[in-house]
Every structure is written in structure tokens, then in C-alpha cells.
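Chains as they are written, first to last, in this note's numbering: chain A, 1 to 113; chain B, 1001 to 1114.
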């Protein structure tokens, strides 16, 4: 099975930078996703990493180290609308369904004015 | 392009009853997955359908069952409801089977079991 750990809550100030960490244990790693979920809404895709390194997309970047079982999501120039839960999810080709995502419990980010 | 839609948005049932939740996948998507999200937790994989066949299942008992129709819409059925089944049920679709494909989620059905 997989263990996915991420902090439960984080708080940051508007305009600042915040890094949300995620560690995982899998037997057949096959990709890591970050999703954003506002309260009462659907999770929306932010990023995908399968190779080591940094993927940048506007104000959001995601980093992966497969040897360390570690990823982070970096949010720059924080805005109030970035207050949401951020979900780290892993694909493992050795699980029951090679296409299923296993999610962490999410990190609730609060952006303060 | 129509997104993933789910119905109903909210539902209240009592223990022992049966429930059917519905999902219309995004246009052009032939893979549908169902997830259960308890309050304060991440989504948990229930099962996945590809071209009307179940092709993966998580750690959920047989009373959780599903269907996918020729138009790729899907149903999740839960029999003999238990209090712990109270959760947000999310449907997600993707274009095919490639493992790098992102999932497109619907807004979910909030099920309360009393």
C-alpha cells in the first residue's frame, strides 16, 4: 500500500510564498499529482510530476524527488483565492488499478490579508 | 465542452437503505472513477470503469457496486447503507487509460446516512 503524508494546516500572508510538502511510500511509483479543492467544490488539477525535478506553471511549481519519496508544491504571490485544501496524490502501477490515485489527507491553506 | 456532472448534489438516507448516485463524464472521456471523501480527508478510490467494464477496485465491500453505460455515464450503487458511508462521493473522468492523464472531477454528491 501507500503512505502519503502532508501537513494538515498551513497559514501564509497575501503576496508571500508558501511551500507545501508531501512524502510518500509506494512500491511501483508511476506519477504524482497535486490538486486544489475549495470547500464544497470539485478538486481541480494543478500539476503532474513523474520525473525528478521542477515543473513550473505560472504562480505554481511542483518538485519531485523519486529517490526521497518527496514532493512539494510552491505557491508564489499568494492571493486570497488560494485559500483551499491542497491534495497530493500518487499513482502506483502495483496497486489494484494502475490508474487509481491514492490521495493524502490534504493541507488546508489559509491566506491572510 | 461539458464538464463532469453529478446528481443529486445532496442526499439523506437512513441506515439499511440503498442509494444510487449518477455521473455524466466529460465529453470524449471513456474512463470513469468513483471516490469517497470523508470530512477532512482526501478522496479514497472506490472503483474505475473503462468502456463499460470495471478495471480496478479499491478496498470497499461488495455492497458498493457500479455501472458504466454506452454513453460513458456511470452509476454508483450502495446497498445496506451504514452510518460510516456518510461522505462526499466524487466522480472523475479521464480521456483514456494513459497513466499520466489527469482526472476531471465533478462537484460530488454529499450523502448523509442517519
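For each residue, glycine too, the CB sits at the ideal point set by N, CA and C. Only a predicted model underlies this, so the values are computations on that prediction, with no experimental measurement involved.
Within chain A, the residues that residue i reaches when beta carbons sit closer than 8 Å
| i | result |
| --- | --- |
| residue 1074 (chain B) | By Cβ distance, chain A contributes nothing, its closest Cβ being about 15 Å from residue 1074 (chain B), past 8 Å. |
One or two residues paired with residue i in a DSSP bridge
| i | result |
| --- | --- |
| residue 1092 (chain B) | B:1033 and B:1105 |
| residue 6 (chain A) | Per DSSP, none; premise fails for residue 6 (chain A). |
| residue 29 (chain A) | A:92 |
| residue 124 (chain A) | A query on residue 124 (chain A) cannot be resolved here, the shown segment of chain A reaching from 1 to 113 and no further. |
| residue 1086 (chain B) | DSSP output for residue 1086 (chain B) lists no bridge partner at all. |
| residue 20 (chain A) | A:73 |
| residue 103 (chain A) | A:89 |
| residue 1010 (chain B) | B:1110 |
| residue 63 (chain A) | A:54 and A:72 |
Within chain B, the residues that residue i reaches when beta carbons sit closer than 8 Å
| i | result |
| --- | --- |
| residue 87 (chain A) | 1042 and 1043 |
Among the options, the one whose alpha carbon lies nearest that of residue i
| i | options | result |
| --- | --- | --- |
| residue 9 (chain A) | A:16, A:15, A:20 and A:3 | A:20 |
| residue 1105 (chain B) | A:27, A:6 and A:44 | A:44 |
| residue 27 (chain A) | A:59, A:69, A:112 and A:110 | A:69 |
| residue 1041 (chain B) | A:101, A:99 and A:87 | A:87 |
Chain-ordered chain A contacts of residue i [CB-CB under 9 Å]
| i | result |
| --- | --- |
| residue 1106 (chain B) | 42 |
Assigned exposure category for residue i - 16 Cβ within 10 Å defines buried
| i | result |
| --- | --- |
| residue 1059 (chain B) | exposed |
| residue 11 (chain A) | exposed |
| residue 1018 (chain B) | exposed |
| residue 1080 (chain B) | exposed |
| residue 1037 (chain B) | buried |
| residue 1014 (chain B) | exposed |
| residue 1001 (chain B) | With a pLDDT of 48 at residue 1001 (chain B), under the threshold of 50, the modelled position of that residue is not reliable, and the figure given next carries that caveat. It is exposed - the Cβ of residue 1001 (chain B) has fewer than 16 other Cβ atoms within 10 Å. |
| residue 3 (chain A) | exposed |
Chain-ordered chain B contacts of residue i [CB-CB under 9 Å]
| i | result |
| --- | --- |
| residue 45 (chain A) | 1102, 1103, 1104 and 1105 |
| residue 33 (chain A) | 1102 and 1103 |
Can you pull out the residues from the segment 91-112 of chain A whose beta carbon lies closer than 9 Å to at least one beta carbon of chain B? 91, 93, 95, 96, 97, 98, 99, 100, 101, 102, 103, 104, 105, 106 and 108
TODO: Check distances from the C-beta atoms of the segment 1045-1074 of chain B to those of chain A and list, in chain order, the residues that come in under 7 Å.
DONE: 1045, 1048, 1055, 1056, 1057 and 1058
Identify each residue in the segment 1021-1033 of chain B for which the Cβ-Cβ distance to at least one residue of chain A is less than 9 Å, and report them in chain order. 1031 and 1033
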